[in-house]
Structure formats: C-alpha cells, structure tokens
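S.K.:
Shown next as structure tokens:
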C-alpha cells in the first residue's frame, strides 16, 4: 500500500512547486527540484517532473525482465541515467529511490542529496508503538548545497551522478512503514515528531497510508510556517555558524511525503538486518 501527498511552497502553488514523485508496483521515488534555479528564470519543478516520468518509464523497461536482487542498485542507477539522457531542460534535483523485492522482504534505497527515507516498525512488546529502525543521511557539498542530478545542458561546475548516490539495503518485516520525503519535511520535523505522528494516525485507524502521508505533510507545513519551535533547519544553521544560538521556526519549502506500508502477515520472525552498501 502506498500514498503520496505534495504541498507546494505557498508562493509556488500556481506552478505546482518543484517536487515530483512516482510509485510503480514496488518502485518508488521522490525528487526535489533545486530552487536556486529560479534566480536564473528556470523552473526546477519542470526538470524534476520530467526526470521522474523518464525514470519511471526506464524502470518499466528495465524490470520487464523481472526482479534481480544482485542488480537492483545498478537498475536504479541505470534508470536515472536513462532519464537524464532524455532531458534537455535546465535544472537539477535531489532524489531518493526505493525498490522493494517482490516478496516484500528487502528494501533497497538509492539516495542522492538531502531528500531521504525512514523505516518505522511496530514494537515487539507493544504493537501500538513504533520504533525507527533505519534512516538515510543527507549528502551535501556544503550547508544547503546538496548533491544533485542535472542535465548536461545545465553545465554544472560539479556534476553529481546517480553513481555518486548512497546505497542502503534493509530487511523488512510485515507492518513496516517506509517514508520517502523531501527536505521540506526533514528540515522541519525531528525523527521523534514523525514517529509520534505515525502512532497517532495508526491509533485512529482508517486508511493508514494515505492518512500518514497527509498528516506528516500538514505537520511539516505548520512547522515551516511557525516561529516558536526549534526545528532541524535551525539546528543545522546553528551548527554551520558554529554557535549554539539559533532562532526558532522552520524553513518554508515544497513538501512531499510518499508513504509505503507492508501488509501485516503472521509467522515471520523479526530478523531485520540493515546495512549501507558500498
């Protein structure tokens, strides 16, 4: 089960913002167009949306021969390379991609930049509680300068490639909830806040996946507009400035939340192993 919610930056609603995503039967991704292109009159959202569409189509072609565990990361990189090769637009974007094996037991992630993923799991001693079992780390050249994929036409001084992304692989269990999010979420909500939101939604019941995506996106937007709470964005600013003093409040941005939940099945032992793949 999966669901995605996109909330464009309040000033970019007319253009749909700069984020994009896709969900294709076991393959998922979020893209965050780099807003700095706006200063050059370029809509980075058009670039991220075209790359998302091209990459999804390339994955359809690649996976037509079936799922092969030994080449899953190569397949993700190949799809991104193929998607980039077809783009003539200016622009650049971060991306976080996920492939889930057909048996639902293994998640493989390719992350380029400062979008990212979280895996939450029902606690063994209390199914109502969730624990964070895995997450990505941001890739940045400098503060607020993430790794990013661009077209050749962009003529970037430093051109990051899909092969520069970090690979993660984690075993999954029934009931796991995976979130792929852009930095509009990660700059505004701490991990513990996200976990609490998921627990609230699960306690309420209903269509859990779509409710989770909506609730996380809405809370991230509230935090981005607020001025009274500490946020990850302010923590990162304080660390960059070398000073513990920091203002309160978030960072207004496009927000995308793609939630994926594995169906609950009985009879499987909790044998999760996570690793970063070289």
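In the numbering used here, the protein residues as written are 2 to 279.
Think of the CB as a built atom: it goes at the ideal place given N, C-alpha and C, for glycine as much as any other residue.
(1) For residue 21, which option in 96, 161, 145 and 263 has the closest C-alpha, if you only look at C-alpha atoms?
(2) Classify residue 11 as helix, strand or coil using the three-state DSSP reduction.
(3) Find the nearest neighbour of residue 234 within the set 206, 265, 54 and 144, judged by alpha-carbon distance.
(4) Could you check the C-alpha separation between residue 46 and residue 187 for me, to the nearest Å?
(5) Pull up the CB-CB distance for residue 60 and residue 80, whole angstroms please, since I reckon it's below 8 Å.
(6) Hey, out of 210, 208, 70 and 189, whose CA is closest to residue 254's CA?
(7) What separation, rounded to the nearest whole angstrom, lies between the Cα atoms of residue 25 and residue 231?
(8) With a CB to CB cut of under 6 Å and the five nearest residues on each side skipped, what residues in its chain are close to residue 182?
(9) Consult DSSP for residue 172 and reduce its assignment to one of helix, strand or coil.
(10) Which of helix, strand or coil does DSSP assign to residue 254?
(11) Residue 29 bridges to which residues according to DSSP?
(12) CA-CA distance, residue 296 and residue 149?
(13) Roughly how many angstroms separate the alpha carbons of residue 252 and residue 223, rounded to a whole number?
(14) What are the start and end residues of the beta strand (DSSP E) that includes residue 194?
(15) Using DSSP with H/G/I as helix, E/B as strand and the rest coil, what is residue 121?
(16) In chain order, what residues of the same chain have a beta carbon less than 8 Å from the beta carbon of residue 274, not counting five sequence neighbours either side?
(17) On a CA-only basis, which of 17, 77, 11 and 50 is nearest residue 27? Give me that one, please.
(18) Would you call the CB atoms of residue 261 and residue 3 closer than 9 Å?
(19) What are the partner residues of residue 34, as DSSP defines its beta bridges?
M.R.: On the basis of the supplied data:
(1) Here residue 21 refers to the residue found at position 20 when the chain shown is read from its first residue. If we check each option's Cα against that of residue 21, 96 comes out closest.
(2) On the chain shown, position 10 is the one that residue 11 refers to. Here residue 11 sits in helix by DSSP.
(3) Indexing the chain shown from 1 puts residue 234 at position 233. Of the candidates 206, 265, 54 and 144, the one whose C-alpha sits nearest the C-alpha of residue 234 is 144.
(4) Taking the first residue of the chain shown as position 1, residue 46 is located at position 45. Taking the first residue of the chain shown as position 1, residue 187 is located at position 186. If you take the alpha carbons of residue 46 and residue 187, they lie about 19 Å apart.
(5) What you label residue 60 is simply residue 59 of the chain shown in a count that begins at 1. What you label residue 80 is simply residue 79 of the chain shown in a count that begins at 1. Right, their Cβ atoms sit about 4 Å apart.
(6) For this step, residue 254 is matched to residue 253 along the chain shown. Among 210, 208, 70 and 189, the Cα nearest to that of residue 254 belongs to 189.
(7) Counting from one through the chain shown, the residue named residue 25 turns up at place 24. Counting from one through the chain shown, the residue named residue 231 turns up at place 230. Roughly 36 Å between the two C-alpha positions.
(8) In the chain shown, residue 182 corresponds to position 181, counting from 1. Answer for residue 182: 258, listed in chain order.
(9) Numbered from 1 along the chain shown, position 171 holds the residue referred to as residue 172. Looking at residue 172 - three-state DSSP - the assignment turns out to be strand.
(10) Counting from 1 along the chain shown, the entry for residue 254 is found at position 253. Coil.
(11) For this step, residue 29 is matched to residue 28 along the chain shown. Its beta-bridge partners are 24 and 99.
(12) It is not possible to answer for residue 296, since the shown part of the chain is limited to 2 through 279.
(13) The residue labelled residue 252 in the question sits at position 251 within the chain shown. The residue labelled residue 223 in the question sits at position 222 within the chain shown. When rounded, the distance between both Cα atoms is 10 Å.
(14) Here residue 194 refers to the residue found at position 193 when the chain shown is read from its first residue. Element bounds for residue 194: not the beta strand (DSSP E) but the alpha helix (DSSP H), 192-205.
(15) In the chain shown, residue 121 corresponds to position 120, counting from 1. Strand at residue 121.
(16) Numbered from 1 along the chain shown, position 273 holds the residue referred to as residue 274. Unreliable positioning characterises residue 274 in this predicted model, as indicated by a pLDDT of 41, which lies under 50. The coordinate reading is nonetheless provided below. Within the same chain, residue 274 has close Cβ partners 171 and 172.
(17) The count along the chain shown starts at 1 and reaches residue 27 at position 26. It is 77.
(18) Sequence index remark: in the chain shown, residue 261 carries index 260 (1-based). Sequence index remark: in the chain shown, residue 3 carries index 2 (1-based). Yes, the pair counts as a contact, with Cβ atoms nearer than the cut-off.
(19) Taking the chain shown and counting its residues from 1, one reaches residue 34 at position 33. Answer is 94, bridged to residue 34.
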